[in-house]
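Encoded as structure tokens, the structure appears first; notes follow it.
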Amino acid sequence: MKNILITGGHGQLGQSLKKAGEAYPQFNLVFTDATELDITDNAALATYFGANQIDACINCAAYTAVDKAESDEETAFLLNFQAVLALAEVCAQHHTQLIHISTDYVFSGKQNVPYTEEDDTDPQSIYGASKLRGEAAAVGYNPDTIVVRTSWLYSEYAVNFVKRMQELMREREELSVVFDQAGTPTYAGDLATALLDILQYKANHPDATLGGIYHYSNEGVTSWYDFAVTIKELTAATTRVLPVTSDKYKTAAARPAYSVLNKEKIKTTFGIQIPYWRDSLVKCLRRM
1 MKNILITGGH GQLGQSLKKA GEAYPQFNLV FTDATELDIT DNAALATYFG ANQIDACINC
61 AAYTAVDKAE SDEETAFLLN FQAVLALAEV CAQHHTQLIH ISTDYVFSGK QNVPYTEEDD
121 TDPQSIYGAS KLRGEAAAVG YNPDTIVVRT SWLYSEYAVN FVKRMQELMR EREELSVVFD
181 QAGTPTYAGD LATALLDILQ YKANHPDATL GGIYHYSNEG VTSWYDFAVT IKELTAATTR
241 VLPVTSDKYK TAAARPAYSV LNKEKIKTTF GIQIPYWRDS LVKCLRRM
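So that you can map any letter, position 249 of the sequence shown is 249 in full-length UniProt numbering, and since no number is skipped, the others follow by simple counting.
Listed below in structure tokens is the structure:
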């Protein structure tokens, strides 16, 4: 049985991995958060890896407060860059496979066709810049690192767009949601399964060269407005949902206007099948 360390284990992806892990008895998933393992502390990482046999690490820990990062750059880079570098170093030293989670925010959002892994990056926010720096550190230090970029993550756990929309639709008669930002919602349960499939593929192909950057989101394209309308329809809410442009909804950090990810590489490399976003939303709402 392989020991898989999940950092940021109490966030929505960590909790989704715990659920998905029930179908992978060959993996012993070990979940930690900042109180149990401070990944910004090199000494703590060295002690932990020295005392435990860790075969792979999925780094779900991150600074994800996108707007707050604009005024808290130091903490964003500490968690999204320096801690990632520290993890890459300790994983390389102990021959541990590292999978690091990144984001569509590394792109400018000015493109109008799905982004591939080879497209130029151009983050428009501190959050995006810190995540891009973390990617470069992880793969630069250890080329065997697998970076998985994702987008619009939601689940039945923690705080996310789907849960927030449900709350607001219970409280309000009318909601305004931006319609000029296009992307793909990603159900964390699907991403969790894909990550474990990657580890299984790696176990079955120990000599394969798999390191590098991959994209994963659900299939399809939508806007935040259409996403909200679909949530309304599937939950039989009566709230009126109004489309607005992004300039009517000011945020500290710029959002990509278009951040659809091309998933061909991850599907071809690992043989992963990706569900359509609306089908996964139905599945998530049923679990709620």
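Backbone N, C-alpha and C define an ideal beta-carbon position, used for all residues, glycine too.
Within its chain, find whatever has a CB closer than 6 Å to the CB of residue i; leave out the 5 residues flanking it on each side and keep chain order.
i      : result
Thr193 : Ala20
Ile126 : Ala69, Glu70, Glu73, Ala76
Ala228 : Met165, Val177, Val241
Suppose the cutoff is 8 Å on Cβ atoms and the five residues either side in sequence are ignored; what does the same chain contact list for residue i look like?
i      : result
Cys60  : Ile6, Thr7, Gly8, Gly9, Gly11, Leu13, Gly14, Leu17, Ile101
Tyr141 : Leu85, Ala88, Glu89, Ala92
Tyr258 : Gly109, Lys110, Gln111, Asn112, Gln181, Ala182, Gly183
Tyr276 : Asn218, Glu219, Gly220
Leu168 : Leu175, Thr239
Start and end of the alpha helix (DSSP H) containing residue i?
i      : result
Phe270 : 264-270
Ile231 : 224-235
Ala44  : 42-51
Thr27  : The question names Thr, but residue 27 in the sequence shown is Phe. No alpha helix (DSSP H) holds Phe27; the beta strand (DSSP E) holding it covers 27-31.
Measuring CB to CB, does residue i end up less than 8 Å from residue j?
i      : j      : result
Ile54  : Leu195 : no
Thr245 : Val221 : no
Gly189 : Thr145 : no
Thr251 : Asp104 : no
Given residue i, which residues of its chain have a CB within under 7 Å of its CB, disregarding the five upstream and five downstream residues?
i      : result
Phe37  : Residue 37 is actually Leu in this sequence, not Phe. Closer than 7 Å at the Cβ level, and outside the excluded window around Leu37, lie Thr7, Ala44, Tyr48.
Glu156 : Cys284, Arg287, Met288
Glu173 : Thr239, Arg240
Output the distance between the C-alpha atoms of residue i and residue j, rounded to the nearest integer angstrom.
i      : j      : result
Phe27  : Thr96  : 14 Å
Gln181 : Met1   : 43 Å
Thr230 : Leu285 : 11 Å
Asn112 : Asp119 : 12 Å
Ser151 : Leu199 : 21 Å
Leu242 : Asn80  : 35 Å
Ala138 : Met165 : 35 Å
Ala203 : Ala23  : 16 Å
Lys248 : Phe179 : 11 Å
Glu171 : Gln273 : 37 Å
Thr40  : Leu191 : 25 Å
Who does residue i pair with in a DSSP beta bridge?
i      : result
Ala182 : Ser223, Tyr258
Val244 : Val178
Gly212 : Ile146
Where do the ends of the beta strand (DSSP E) carrying residue i lie?
i      : result
Asn59  : 56-59
Thr193 : That residue, Thr193, is in no beta strand (DSSP E); its alpha helix (DSSP H) goes 188-204.
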